[in-house]
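From first to last, the protein sequence lines stand for chains A and B.
Start counting the first sequence at 7; every next residue gets the next number (the numbering used here).
Start counting the second sequence at 58; every next residue gets the next number (the numbering used here).
Where is the CB? At the ideal position from N, CA and C, for every residue including glycine.
Every value quoted in this text rests on a predicted model; they were computed, and no experiment measured them.
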Amino acid sequence: MTLHIKRIPLFFFFLFLLVSHLLPAQSGSKATLSGYIKSAGDGEALIGAGVYVEELKKGATTNVYGFYSLTLPKGRYTVKFIFLGYQTQTQTLDLESSHTVNIDLAEEVRQAKEVVITGEQREVEANVKSTQMGVTKMDIKTISKIPPLLGEVDVIRSIQLLPGVSTVGEGASGFNVRGGSIDQNLILLDEAPVYNSSHLFGFFSVFNPDAVKDVKLVKGGIPAQYGGRISSLLDIRMKEGNSKKFELNGGIGLLSSRFAVEGPILKDKMSFIVAGRRTYFDLFFPLSSDEQLASTVAYFYDLTAKVNYKIDEKNTVFASGYFGRDKFGFGSAFGFEWGNSTTSLRWNHVFGSKLFSNLTAFYSKYDYALNIKADDDGFNWKSTIENQSVKPEFTWYLNDKNTITFGGQMLYYNFLPGRTSILSNGASRINELNRKYAFENSLFASNDMTVSKRLSLTYGLRYSNFANVGTGTKLILGDTTAGIKRPVRDFQAISSGKILAQFGNFEPRFSAKYELTDESSIKASYNRMAQYIHLLSNTQASVPLDVWTPSTNNIKPQIGDQVALGYFHNFTWMANEFEFSSEVFYKEMQNQIDYIDGADLLLNRTLEAELLSGKGRAYGLELYLKKRKGAFTGWISYTLSRTERQVSGINNKDWYPTRFNKTHNLYLVGSYEINRVWSASANFVFSTGVPGTFPTNRIEYQGFIIPHNSENLRNNYTLPAYHRLDISATYDPNKDSQKRWKGSWTFGIYNVYARRNPFGIYFQQTPPSDNPSRDDRVTQSTNTQAIRFSILGTLVPSVTYNFTF
Amino acid sequence: MKTSIFFRSLIGVVLSLSLISCEDVVSVDLDPGQSQLAVDALVMVNDGPQTIRLTMTNAYFDNGTQAAGASGATVKMISSTGQELIFAEDTNNPGNYVFPDTVRGKTGELFGLLIDYKGQKYQSGSMLVRGTKVDSLYQEERKAEFGNEAGTYLYLRANDSLGVGDFCWIRYSLNGKRDLRPGRILVAADAAFNPGDADGLEFIYPVRNSINSNKPYLFGDKIDVELVSIDAENFRFLTEMQTQINNTGLFAEPASNVRSNIFNADKNSKVQAVGCFGITRVSRASVTIQ
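Okay, structure coming up:
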């Protein structure tokens, strides 16, 4: 591994050598235009806004902080600043030397009529023009139009309507991207990773929609500055807070209420946002005369806060925090809670006009605790994963042909896989599974290169190095025999600072775009990703108790290689604007974790002996057609795909579909503005059922009936298809009024035709009667039956009142 | 009484997510699969005649038909101290193989089970453990709480010995009838549920309480409790069985076969048996609810 480290400077040296020969010999004839583009209404930075130079017919877009930089030959230009949903601003600029132009764009006046997208807008449209593929952005306005479950506007549920994304069902936490498991998604909230994105097991996601500005899902061609998960990046950016005026937003729903305050601290310089959400039905419990109910605890909450301070033209700092928790319990007798917290500090600095830097430092933690207490008896259990990281990142707008991004990241992990204490009749035992410590360090560089008007490339390399370090215990295991726990040969103590296991990986990233016309392009990409931490979960839906574990001498890092090819086309048809994309992908995944039959994942000292390692592959076709403007907006998404694994010890070492394999996924999402006060939305979801393992035979053992598959197959059946229709209507009488207090009502029905979609089909002995006679209290039939388990057995109506002040 | 309706509706909201989920019995066509030899061999020392039952597995939905006994096998047990115990088929009960005397053994003694059936030789091994004894059963009146009705409940007291690896299967009969409901497979490891977690302690509360359901025992009920001390392999078999026969709901695990500890002597043979063999010690206690 020392060899690896020595190679890194060499790699960067060559990269810069490569880039530097692209530098123009003379830069004296050019000047740079740079600055920030923000929303005039609330001062929020606009991500992906376009800067278009009419004379040269070329442009640039803003980064996630709203910053742009464009190098042009000196001269006089007509420059347009463009962002969908905002009024385009045109400025005539004499560019004799580099200078800063900060722009505030005003929102478009509401209009239901169709708007034809202009040529300039076309020039900066990401779908066709950007080199990146496999990317879908969703702003919070789109997300809030999607019919909600129980009135909760939900980021994760919304991205599950995009091509290539699926879920095993309602109530299942997380999401699956292009055949990857849920732990293969890097979920970043203002750059800090979120380890469990679910409230209430998996019904709702942890992100408060009032505090979210922008959501971007990257499924392929993942840029070099991101790494650590092999399937996708979900980049969630929080609002900065209105820097112009104070604003209150909130909502009262059946399940929870939300409240957000934002406003300037120093006008146009410093602003904040604080947003909270809490379920509240439990607040009424203590009023109950029923003692049991009065002591019941069942709620979740989350709190999001952010402050930003624009020190001067060159420096802006941001501090953001998230704290969320789910709690369940009965008085002091029983308690179960879990939650994430993240804190990130960021400093944006612009060197000159061409070098943009962002320095992020974050802390992230996920923990859970289970407590049972009764007089002299009790049990408690906790587990945590903690992270600290520093990530400097630079974007160098080198010239009009090259934009170079480079930087590094240092990540420190501290895992507490489990600590239990048991009290039995006054005597106690404490057991702590060894803490685990690890460093994940990386360096990255990439270049966005415009080769010609039609061809552009993004190429980069990331080097990641993972070291699992002491104090710790190294488990030495014997060889794998199919179906049997690996024998434990030795426990080796690793002292503090010594390395238990170390891995290094070069991760090349590449994407290319070729424009066929101004409205269409083809793109290709390849990326390799390495993942060093793994969520061990062997249940159909991940549980909050699932444990993240680092790579060790026995658990190799997961490696994912993906190639994708796509065709992108924006067009006008019958005076309607459409965006179309189609992509095919093929992904290979190494060192996928599976479990020996009957593996025990919780509080297991020799857990590593029960893990299996195998190969994965996924491939598919994604089609996406979106109508973006006008009274009716929406999209159709269709995915045809397959995801499989091959693991020695499972399914007789034959390939088998993973438990989230779904052949067809069709999503229809639409929203229509009926008139000035009413709007309606609907979505329809159809997907092939997930696979299940069904028995063939029954074994009689000591009076019990055990299901058994005589061929020892895995996922040998496909469950019936999943389909669902959701609708909602919003009544917003004050849309255009000048009143400060504006309220609106949203009415929704989830699962309109009350389909009982199968989450699973299970096999069991016919259960005994609920009210048996005295003699039959322990009587059990040896008959067997199949049952279909549906998370939602019916339709779910909801109503929410939203307000802004 | 309006308030109670109010609160009930609030509970409704709390539980709505669990209440709106539902289970329906559905009909599913299953592959018939291959019938295999199933071994049900829970042998207890110091406990009189012992029976090993061999059957052929049925199709999963063969309801109403008991698995046919596997007749004509040779069944014997050997041990590390040189014992050889022959189990002879009971002519009245095909598939039942009986050792007519008491099985004796020492702690740490290894027992092998050898089965010769239809040209295949199967074998298995199990170790006799030191065993945990029932200390006492005691009654307690409880008020209604946490979904349990008010009434008389029964607790099983026992002390785990120091040293990791004491496993038990707790079984009980109510008025002479053994509780065979799948949800009532009760196992303990070192006084708790996970080896080592509560080593050397008195059985922890949930284990003590495990012989209760959410309904109280009634006056005059006779409860016979058996604490069967088993080896680690049998504990593994039972925990897997516990998972697989109760495997439903949101957090179900992928269905998989319960791994048997019976192996074909010919490692390459495609013919495999299922089931479990264990040499065990049993400790019993009975009580009549007063």
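Please name the residue, chosen from A:T664, A:T348, A:Q744 and A:P739, that lies closest to V183 (chain A) on a Cα-to-Cα basis.
Position 177 of the first sequence, counted from the first residue, corresponds to residue 183 (chain A). The option with the nearest alpha carbon to V183 (chain A) is A:T664.
Tell me which residues of the stretch 144 to 164 of chain B have at least one Cβ-Cβ distance to chain A shorter than 8 Å, keeping chain order.
none
Where A688 (chain A) and T736 (chain A) are concerned, what is the direct C-alpha to C-alpha distance, given to the nearest angstrom?
By one-based count along the first sequence, residue 688 (chain A) stands at place 682. By one-based count along the first sequence, residue 736 (chain A) stands at place 730. Near 12 Å, if we compare the C-alpha coordinates of T736 (chain A) and A688 (chain A).
Classification of Q190 (chain A) by the beta-carbon crowding that lies within 10 angstroms, buried from 16 upward:
For the purposes of this step, residue 190 (chain A) is identified with residue 184 of the first sequence, where counting begins at 1. Buried, because 16 or more other Cβ atoms sit within 10 Å of the Cβ of Q190 (chain A).
Cutoff 6 Å; reference Q329 (chain B); Cβ partners in own chain excluding five residues on either side
Taking the second sequence and counting its residues from 1, one reaches residue 329 (chain B) at position 272. Cβ neighbours of Q329 (chain B) beyond the five flanking positions: N321.
Okay, do the stretch 328 to 345 of chain B and the stretch 287 to 297 of chain B touch, 3+ Cβ pairs below 8 Å being the bar?
yes
Counting only C-beta atoms, is D236 (chain B) closer than 8 Å to chain A at any point?
Mapped onto the second sequence, residue 236 (chain B) falls at position 179. At least one chain A Cβ lies under 8 Å of D236 (chain B).
I'd like the span of the alpha helix (DSSP H) that includes N291 (chain B), first residue to last.
In the second sequence, counting from the first residue as 1, residue 291 (chain B) sits at position 234. Element bounds for N291 (chain B): A289 to I302.
Taking 8 Å as the CB-CB limit, is F64 (chain B) close to chain A?
As a position in the second sequence, residue 64 (chain B) is number 7, starting the count at 1. Note that F64 (chain B) has pLDDT 35, beneath the 50 cutoff, so the model's placement of it is unreliable and no number is given.
Within chain B, the residues that I654 (chain A) reaches when beta carbons sit closer than 8 Å:
Within the first sequence, residue 654 (chain A) is the residue found at index 648, counting from 1. For the record, residue 654 (chain A) in the displayed sequence is Ser; it is not Ile. Ordered by position in chain B, no residue passes the 8 Å Cβ test against S654 (chain A), which lies about 15 Å from the chain.
Identify, in the order they occur along the chain, each residue of the same chain with its Cβ nearer than 6 Å to the Cβ of A281 (chain A), setting aside the five sequence neighbours on each side.
The residue given as residue 281 (chain A) occupies position 275 in the first sequence. Here the set comprises N214, D216, A217, A266 and T310.
For the stretch 233 to 260 of chain B, enumerate the residues whose C-beta is nearer than 8 Å to any C-beta of chain A, in chain order.
K234, R235, D236, L237, R238, P239, R241, I242, A248, A249, N251, G253, D254, A255, D256, G257, L258, E259 and F260
So, do the stretch 474 to 481 of chain A and the stretch 555 to 568 of chain A have three or more beta carbon pairs nearer to each other than 8 Å?
yes
L284 (chain B): which of B:L167, B:P89, B:S181 and B:R214 sits nearest, CA to CA?
Within the second sequence, numbered from 1, the residue matching residue 284 (chain B) stands at position 227. The shortest C-alpha separation from L284 (chain B) is found at B:R214.
Below-8 Å beta-carbon distance, N291 (chain B) vs any chain A residue
To locate residue 291 (chain B), count along the second sequence from 1; it is residue 234. No - not a single Cβ of chain A is within 8 Å of the one on N291 (chain B).
Report back the beta-carbon spacing between R265 (chain B) and Y229 (chain B) to the nearest angstrom; my notes put them in contact at under 8 Å.
Taking the first residue of the second sequence as position 1, residue 265 (chain B) is located at position 208. Taking the first residue of the second sequence as position 1, residue 229 (chain B) is located at position 172. About 13 Å; that fails the 8 Å criterion.
So H714 (chain A) contacts chain B; which residues on that side make the cut at Cβ distance below 7 Å?
Your numbering for residue 714 (chain A) matches position 708 in the first sequence. Near H714 (chain A) (Cβ distances below 7 Å), the residues of chain B are T114, N314 and V331.
Give the straight-line distance between the Cα atoms of S452 (chain A) and M244 (chain A), rounded to the nearest whole angstrom.
Residue mapping note: residue 452 (chain A) aligns to position 446 of the first sequence, counting from 1. Residue mapping note: residue 244 (chain A) aligns to position 238 of the first sequence, counting from 1. Cα to Cα, the separation comes out at about 26 Å.
Using DSSP with H/G/I as helix, E/B as strand and the rest coil, what is K275 (chain A)?
The count along the first sequence starts at 1 and reaches residue 275 (chain A) at position 269. K275 (chain A) falls in the coil class under three-state DSSP.
L397 (chain A) classed as buried or exposed, judged by whether at least 16 other C-beta atoms fall within 10 angstroms
For the purposes of this step, residue 397 (chain A) is identified with residue 391 of the first sequence, where counting begins at 1. The residue asked about is misnamed: residue 397 (chain A) is Lys in this sequence, not Leu. Burial call: buried.
Are there 16 or more other CB atoms within 10 angstroms of the CB of Q770 (chain A), so buried, or fewer, so exposed?
Counted from its first residue, the first sequence places residue 770 (chain A) at position 764. The residue in question, Q770 (chain A), is buried, as its Cβ has 16 or more Cβ neighbours within 10 Å.
Name the DSSP beta bridge partners of P79 (chain A), please?
The count along the first sequence starts at 1 and reaches residue 79 (chain A) at position 73. Note: P79 (chain A) sits in a beta bridge opposite A:K36.
Is there at least one Cβ from chain B nearer than 8 Å to S796 (chain A)'s Cβ?
If you number the first sequence from 1, residue 796 (chain A) lands on position 790. Cβ-Cβ to chain B under 8 Å: yes for S796 (chain A).
Is the CB of L194 (chain B) under 8 Å away from at least one CB in chain A?
Here residue 194 (chain B) refers to the residue found at position 137 when the second sequence is read from its first residue. No, L194 (chain B) lies away from the interface with chain A (no Cβ there is under 8 Å from its Cβ).
Look at the alpha carbon of S238 (chain A) and the alpha carbon of L260 (chain A), and state the distance between them as a whole number of angstroms.
The residue you call residue 238 (chain A) lines up with position 232 of the first sequence. The residue you call residue 260 (chain A) lines up with position 254 of the first sequence. Cα to Cα, S238 (chain A) sits roughly 33 Å from L260 (chain A).
Nearest to P106 (chain B) (by Cα), restricted to the options B:Q301, B:P263, B:G165 and B:R161
Residue 106 (chain B) sits at position 49 when you count from the first residue of the second sequence. It is B:R161.
Can you list the beta strand (DSSP E) stretches of 3 or more residues lying completely in the stretch 236 to 282 of chain A, in chain order?
238 to 244, 253 to 258 and 262 to 272
Tell me which residue opens and which closes the alpha helix (DSSP H) that I797 (chain A) is part of.
Looking up residue 797 (chain A) in the first sequence gives position 791. Premise fails: I797 (chain A) is in no alpha helix (DSSP H) and is neither H nor E.
Going by beta carbon distance, what residues of the same chain come within less than 8 Å of F795 (chain A), once the five residues before and after it are set aside?
Locating residue 795 (chain A) in the first sequence gives position 789, where the first residue counts as 1. The answer, listed in chain order, is P764, F765, G766, I767 and Y768.
For the stretch 453 to 462 of chain A against the stretch 428 to 437 of chain A, are there 3 or more C-beta pairs whose distance is under 8 Å?
no
How about L284 (chain B): is its C-beta nearer than 8 Å to some C-beta of chain A?
The sequence position of residue 284 (chain B) within the second sequence is 227, counting from 1. Closer than 8 Å: no.
Could you work out which residues of chain A lie near M22 (chain B), taking near to mean beta carbons separated by less than 8 Å?
Past the edges of chain B, shown from 58 to 347, lies residue 22 (chain B), and the structure says nothing about it.
Within 8 Å of any Cβ in chain B, is that where the Cβ of I767 (chain A) sits?
Taking the first sequence and counting its residues from 1, the one referred to as residue 767 (chain A) is at position 761. Judged by the 8 Å Cβ criterion, I767 (chain A) is in contact with chain B.
So is T305 (chain B) in contact with chain A if we call contact Cβ pairs under 8 Å?
What you label residue 305 (chain B) is simply residue 248 of the second sequence in a count that begins at 1. For T305 (chain B), the answer is yes, since a Cβ of chain A falls inside 8 Å of its Cβ.
Over the uninterrupted alpha helix (DSSP H) stretch that includes P263 (chain B), give me the two end residues.
Residue 263 (chain B) sits at position 206 when you count from the first residue of the second sequence. Start and end: Y262 to R265.
Taking one C-beta from the stretch 291 to 305 of chain A and one from the stretch 267 to 278 of chain A each time, how about it: are there three or more such pairs within less than 8 Å?
no
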